[in-house]
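Under UniProt numbering, think of the first position of the sequence shown as 1, with each following residue one higher.
Just so it is clear, CB atoms sit at the ideal spot from N, CA and C, and this is done for glycine as well.
Each remark here refers to the structure printed beneath this line.
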Amino acid sequence: MMASEKLFGLHATALQLRSQRMMMLASNIANAATPGYKARDLDFAKALDLARQGGSTAHAVEGAMAYRVPVQASLDGNTVEMATEQTAFAENALAYRSSLSFLSGRVNTLTRAIKGE
1 MMASEKLFGL
11 HATALQLRSQ
21 RMMMLASNIA
31 NAATPGYKAR
41 DLDFAKALDL
51 ARQGGSTAHA
61 VEGAMAYRVP
71 VQASLDGNTV
81 EMATEQTAFA
91 ENALAYRSSL
101 SFLSGRVNTL
111 TRAIKGE
């Protein structure tokens, strides 16, 4: 078990994975009009499980990344569906903020403990 995991639980790893997913979803949204672009997403639960098994977050992202199957295919081969991407982005952003808030609180608690407050 890594020292950061002992101090921060899974939130440190979750924050890294959520950040990677955020970039993936943002890329999907940015390429919504790019012909042939294939939307990707991260199976967060699978990535977290892979990371917990001792893999790096990069390895976990690689192992849990998949191309999104569109509900309605576009004529130009683009698989980005804006409503799906925006919803996934918003949900991921909320989870990211939650992990960040937890970590911030934990750091504040550790800082107070070190100062003897």
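- For residue 65, the beta-bridge partners assigned by DSSP are 42.
- Contact annotation, residue 39 with residue 79: C-beta distance approximately 5 Å; criterion of less than 8 Å satisfied.
- Contact between the stretch 54 to 63 and the stretch 96 to 104 is absent: fewer than three C-beta pairs spanning the two stretches fall below 8 Å.
- Rounded to whole angstroms, residue 46 and residue 60 show a C-alpha spacing of 8 Å.
- About 11 Å separates the CB atoms of residue 24 and residue 43; that is not less than 8 Å, and the two are not in contact.
- Per DSSP, reduced to three states, the secondary structure at residue 74 is coil, with no helix or strand assignment.
- A buried status is given to residue 20, since no fewer than 16 other beta-carbon atoms sit within 10 Å of its beta-carbon.
- When the beta-carbon positions are compared, residue 113 and residue 82 stay at least 7 Å from each other.
- A direct Cα-Cα distance of roughly 17 Å separates residue 96 from residue 27.
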